[in-house]
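One structure is given below, encoded as structure tokens.
Protein chains: 2
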Amino acid sequence: MLSSSVEISSCAPTKKSHKLYDVVIIGAGMSGVNVGKLLKEKGLTENVLILEANDYIGGRLRSKVLLNGKATIDIGGQWIGPPQPKVLKLVKELGLSTYPQYFEQEKRRSSLVFPSIGGKKHILRYTGSIPSDPKNVTDEVLLDFDTCIRKIERMANTVPVDAPHECDKAEEYDSQTVQTFMDNLFKTEIAKDFFKTFVVTVFACQPYEMSALFMLWYIAVAGGKFENLMNVRDAAQDCKIYRGSQGIVTGVAEKFKLNVLLNHHVVKIKDEGSLMTVTCKNGAVFQSKYVVTTNLPWTHLGIEYDPPLPSARHNFCQRTPMGYAIKCFMLFKEPFWRKKYDSNGFILSLQPEDYITLTYDVGYKDDIICGICGFVYAEKACEFSTLPREKKIDLLLKQYSETLGGTYEEWKSQFVDYIDKDWGMEPYARGSYGAVTAPGTLVKTKLAFREPLYNRKLFIAGTESASRWIGYMEGAIDAAERVVSELTPLFEGQGRTSKL
Amino acid sequence: MLSSSVEISSCAPTKKSHKLYDVVIIGAGMSGVNVGKLLKEKGLTENVLILEANDYIGGRLRSKVLLNGKATIDIGGQWIGPPQPKVLKLVKELGLSTYPQYFEQEKRRSSLVFPSIGGKKHILRYTGSIPSDPKNVTDEVLLDFDTCIRKIERMANTVPVDAPHECDKAEEYDSQTVQTFMDNLFKTEIAKDFFKTFVVTVFACQPYEMSALFMLWYIAVAGGKFENLMNVRDAAQDCKIYRGSQGIVTGVAEKFKLNVLLNHHVVKIKDEGSLMTVTCKNGAVFQSKYVVTTNLPWTHLGIEYDPPLPSARHNFCQRTPMGYAIKCFMLFKEPFWRKKYDSNGFILSLQPEDYITLTYDVGYKDDIICGICGFVYAEKACEFSTLPREKKIDLLLKQYSETLGGTYEEWKSQFVDYIDKDWGMEPYARGSYGAVTAPGTLVKTKLAFREPLYNRKLFIAGTESASRWIGYMEGAIDAAERVVSELTPLFEGQGRTSKL
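Protein chains in written order, with UniProt numbering: chain G, 1 to 500; chain Z, 1 to 500.
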């Protein structure tokens, strides 16, 4: 996917570069390349180097080409939608085409498997966005859910998007796990289970792992609307990039001829007073006026900062672990579940024995490839991660046949291939989709998630530092924009550097 | 403090050692040296190497010599007590002498400053172990406190000490922060504040940062009794080592002639199938049949494991951050607060403007040095950490004079020296006293806190992996004993190796 116009080197360079860069950016993911792009576009500097630990550009946006290039699937982040104007603008600017997520909400049925509804013996199959079933999902449940969501949105809208610790009730919210928050809010078990599927599928975490303040902040930065995060159409799961989401990142790198060094894992960052020195594991050393980090919070714990990171920042990084989603593609000969079982391929399951909590119909353009994309989350992902491939395939065939219709044998006879991506085992991610804060972290560490360090010589980008759509591509761009706005007066103060 | 009989080298060795060790131990703290000791004592092997990242032996046990060797203070962990038989036995074995923590509970007064009691305007001064004041600390408060503590102890005693996730109510407890747990349990604000001082001073964390299951487990492993952790006399704060607690660790290293390499920071651990390869930042490479890690959970995130750590273990390390205590010694000409202000030098303060939450009278043998040892915790430590020395001294003189009696000027005229230890800035600790688990961690990651990895070639010691007195010296020894018991059948299975 990379054209030759991008300068990429993965060979070991000479030990120490004699060049002084204006900016060294750590990480060639969505945020890193957008910092590079904006620095050039605004005419601040072209003297920029991006160091990437992996052997590819894209970070958690990663695409896999199938059928000799006829189809592309995203094994990392994939969706974008109308409430995310920055990424939509960028996609348009790069001339990439999108296609809608297959989700025949009104025509075909979705499947819910909740212990509170009766588990596998009472799989709820419904059309439309909100299931209704007089036996279980009563008016009382629907009213409870709706009332609580409105309450949550009102609370979310009290959280300042760029300073969550300044919320009036910051300590109260940050003192609770989302589980405690839910237990106190919902009156009916079924409504609480609906909300739990929101938490698990949106954060790739169990409600007991995460701060309620973080969740409210996350809703606030997504426009303050629950639907923006949870829905498919016109929301965060609206559409995908035809040739893969990684193409956005590589597209920016190509178009702006960004200078990216792959296989350069940063292990040391030293403040030398007038400049910064960045050392990589392979021995390469670079010097720059400014450093921008985009790497995940926990990965900073493996970097030797000299002088050491301030305690608040280190505490933030210690207390902001990753969610955990394993993305599993089951490819089949045909999307037979659609007509035969009147299914849109959408499952939400909280059943303890089910590994997969969420599925979508792959729904590739023209159905060149057909399949179901499923997600295994959190503590189940820790276990699933250790299983052999054949066992995983077997478990998924079993769950899909039980939940969507048909027999195990039928699903097996339709089976073509299994491709999964275990983000928990990726060396520089060790989880996905993104990071979440443990309770107390935001109140304790305040602005450490984004404040510049080392006398404004080190800046923090990455979607985890955003004030819009944290954890999403939109957030990665938002954080890049903020960092470039933080850098702008520094360049303007000293006169703009000449272009190379 | 180190005699010449310990083999210590801090110079860079040849790149790769050709020797095959039976066991390489990472970390020369209390747990690491006890693994070495027990391997020798049990006759399993003497072919052991200890790699220590710091330039000293002792880890979080660190002593500082004052007055040309006449006195020693512990700037790290210090106390041991009767409920900790393993460390008491070791101290005796090494011939070290102890002295009781100064705490004239019945004779002199302690000082409490709680917002719930009226803050600085109503400093409660009391004798005995439980304050009583008919105006504030009523029978209702005392009954509430006592009832809740008994309830908590009953809950703690349902937590299996070696497998906390197997507690019947594990998920319920692990889903809550300690703050939520307290809010639901206590009926009176003052009783809750008493309990809060327990949490803050014992864990060096705010109640909102920590899992309730972790707290219950911590009480369980300390013998199931709240008093064991909280009290001074006959409990965890009973006595100190006359020549400093670091002397226990160096004493073991000397007595057992342990082979310790200082300044060897491990950055890579590779499973080669039949053996393990351990690489240090300075380029030194060692090979061994087994590896024992004793380093803190978060520090594993900076080690390149090959193959990568299993997800459950990595998740545990991501979600088990450090508490944060800054230990501040204020030395004075005389312990004038004792007689003049009838004070035992003991303060517990929850007042928002007070940096110090807990103090003890240094009470050194024969009062060769006099002073007050104070602790700054958690979010206050993040802030205190950034203050200049003169400001810190000023703040402490102000707080102590306001709380214990006398004027700022009097305290200043008695002032001799200020020595603090900011454990949050120590490169391989970045916090103290120890690690705590965020909510959900224990349920999610189960036995990852202690289970051997890499087909029983890598073992986990360190006080964070203990089943007795986690976080204490006792726990460090307990974990060492468990690891050696895990290693024993492996050595016995292959015949014991010859002594060197």
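Glycine residues also receive a C-beta, built at the ideal position from the N, C-alpha and C atoms.
Span of the alpha helix (DSSP H) around residue i
i, result
"Gln-101(G)", "Taken as a continuous stretch (DSSP letters only), Gln-101(G) belongs to no alpha helix (DSSP H), as it is neither H nor E."
"His-314(Z)", "311-318"
"Phe-449(G)", "Taken as a continuous stretch (DSSP letters only), Phe-449(G) belongs to no alpha helix (DSSP H), as it is neither H nor E."
"Gly-475(Z)", "473-493"
Classification of residue i by the beta-carbon crowding that lies within 10 angstroms, buried from 16 upward
i, result
"Ile-368(G)", "exposed"
"Pro-307(Z)", "exposed"
"Leu-143(G)", "exposed"
"Val-18(G)", "As written in the sequence, residue 18(G) is His, which differs from the Val given in the question. Per the 10 Å Cβ criterion, exposed."
"Ile-8(G)", "Residue confidence for Ile-8(G) is low, a pLDDT of 48 falling below 50, so the modelled location carries little weight; the figure read from the coordinates is stated next. By the 10 Å Cβ count, Ile-8(G) comes out buried."
"Tyr-56(G)", "buried"
"Ser-4(Z)", "Because Ser-4(Z) carries a pLDDT of 37, less than 50, the predicted location of this residue cannot be relied on, and no value is offered for it."
"Ser-97(G)", "exposed"
"Lys-135(G)", "exposed"
"Phe-346(Z)", "buried"
"Glu-402(Z)", "buried"
"residue 513(Z)", "In the structure as shown, chain Z starts at 1 and stops at 500, and residue 513(Z) therefore has no counterpart that could be examined."
"Asp-478(G)", "buried"
"Arg-496(G)", "With a pLDDT of only 47 at Arg-496(G), under the threshold of 50, the placement of this residue in the model should not be trusted, and no figure is reported."
"Val-291(Z)", "buried"
"Glu-118(G)", "Reading the sequence as shown, one finds Gly at residue 118(G) and not Glu. Classification for Gly-118(G): exposed."
"Arg-456(G)", "exposed"
"Thr-279(G)", "buried"
"Gly-128(G)", "exposed"
"Leu-487(G)", "buried"
Per-residue contacts from residue i into chain Z (C-beta, under 7 angstroms)
i, result
"Ala-312(G)", "Cys-382"
"Pro-308(G)", "Met-425, Pro-427"
"Glu-46(G)", "In chain order: nothing, as chain Z lies at least about 33 angstroms away."
"residue 534(G)", "Given that chain G is displayed from residue 1 to residue 500, the structure contains no residue 534(G) and the question cannot be resolved."
Start and end residues, beta strand (DSSP E) containing residue i
i, result
"Glu-304(Z)", "304-306"
"Arg-109(Z)", "109-113"
"Lys-327(G)", "325-332"
"Leu-261(G)", "259-261"
"Leu-49(Z)", "48-51"
"Lys-421(G)", "415-422"
"Lys-240(Z)", "239-241"
"Gln-287(G)", "285-293"
"Leu-358(Z)", "356-361"
"Lys-268(Z)", "266-271"
"Leu-124(Z)", "124-126"
Per-residue contacts from residue i into chain G (C-beta, under 7 angstroms)
i, result
"Leu-49(Z)", "What Leu-49(Z) touches in chain G: nothing, since even the nearest Cβ is about 23 angstroms away."
"Arg-456(Z)", "By Cβ distance, chain G contributes nothing, its closest Cβ being about 16 angstroms from Arg-456(Z), past 7 angstroms."
Beta-carbon neighbours of residue i, restricted to chain Z and to distances below 8 angstroms
i, result
"Asp-342(G)", "Neighbours of Asp-342(G) on chain Z: none; closest Cβ ~36 angstroms, over 8 angstroms."
"Gln-318(G)", "Trp-298, Pro-321, Met-322, Arg-430, Gly-431"
Residue i Cβ short of 7 angstroms to the ligand HEM heavy atom set
i, result
"Ala-325(Z)", "The ligand HEM is not part of the structure shown, which contains no ligands of any sort."
Partners in chain G for residue i, counting only beta-carbon separations shorter than 8 angstroms
i, result
"Asn-263(Z)", "Within chain G, no residue comes near Asn-263(Z); the closest Cβ sits about 14 angstroms away, beyond 8 angstroms."
(message) What are the residues in the stretch 412-445 of chain Z lying within 8 angstroms of chain G by C-beta distance?
(response) Asp-422, Gly-424, Met-425, Pro-427, Arg-430, Gly-431, Ala-438, Pro-439, Gly-440, Thr-441, Val-443, Lys-444, Thr-445
(message) Tell me whether the stretch 461-474 of chain Z and the stretch 222-232 of chain G touch, counting them as touching only if at least three CB pairs, one residue from each stretch, are closer than 8 angstroms.
(response) no
(request) Please confirm if the stretch 202-219 of chain G is in contact with the stretch 64-75 of chain G, defined as three or more CB-CB distances below 8 angstroms between the two stretches. (result) no
(request) Below 7 angstroms between beta carbons is the criterion; list the residues of the stretch 379-407 of chain G that meet it against any residue of chain Z, in chain order. (result) Glu-379, Ala-381, Cys-382, Ser-385, Thr-386
(message) Give me the subset of the stretch 58-79 of chain G whose CB atoms are less than 7 angstroms from a CB atom of chain Z, sorted by chain position.
(response) none
(request) Below 7 angstroms between beta carbons is the criterion; list the residues of the stretch 295-306 of chain G that meet it against any residue of chain Z, in chain order. (result) Trp-298, Leu-301, Gly-302
(message) For the stretch 318-337 of chain G against the stretch 378-392 of chain G, do three or more pairs of beta-carbon atoms, one drawn from each stretch, fall closer than 8 angstroms, so that the two count as touching?
(response) yes
(request) With 7 angstroms as the limit, tell me which residues of the stretch 175-194 of chain G have their beta carbon closer than that to any beta carbon of chain Z; keep them in chain order. (result) Ser-175, Gln-176, Thr-177, Gln-179, Thr-180
(message) Assess contact between the stretch 175-186 of chain G and the stretch 283-297 of chain G, defined as three or more Cβ pairs (one per stretch) separated by less than 8 angstroms. Is contact present?
(response) no
(request) Scan the stretch 102-113 of chain Z for residues whose Cβ lies nearer than 9 angstroms to a Cβ of chain G and list them as they occur along the chain. (result) none
(message) Contact between the stretch 347-362 of chain G and the stretch 432-446 of chain G is defined here as three or more beta-carbon pairs at a separation below 8 angstroms; is this criterion met?
(response) no
(message) Below 8 angstroms, how does it come out for the stretch 73-82 of chain Z and the stretch 232-244 of chain Z: are there three or more Cβ pairs, yes or no?
(response) yes
(request) With 7 angstroms as the C-beta to C-beta threshold (strictly closer), list the residues of the stretch 203-226 of chain G near chain Z in chain order. (result) Gln-206, Tyr-208, Glu-209
(request) Indicate whether the contact test is met: 3 or more Cβ pairs, each with one atom in the stretch 186-193 of chain G and one in the stretch 102-118 of chain G, closer than 8 angstroms. (result) yes
(request) Count the C-beta pairs between the stretch 331-339 of chain Z and the stretch 29-46 of chain Z that are closer than 8 angstroms, then say yes if the count reaches three, no if not. (result) no
(request) Report the residues of the stretch 279-295 of chain Z with a CB closer than 7 angstroms to any CB of chain G, ordered along the chain. (result) none
(request) Pair every Cβ in the stretch 22-35 of chain G with every Cβ in the stretch 244-256 of chain G, then say whether three or more of these pairs are closer than 8 angstroms. (result) yes
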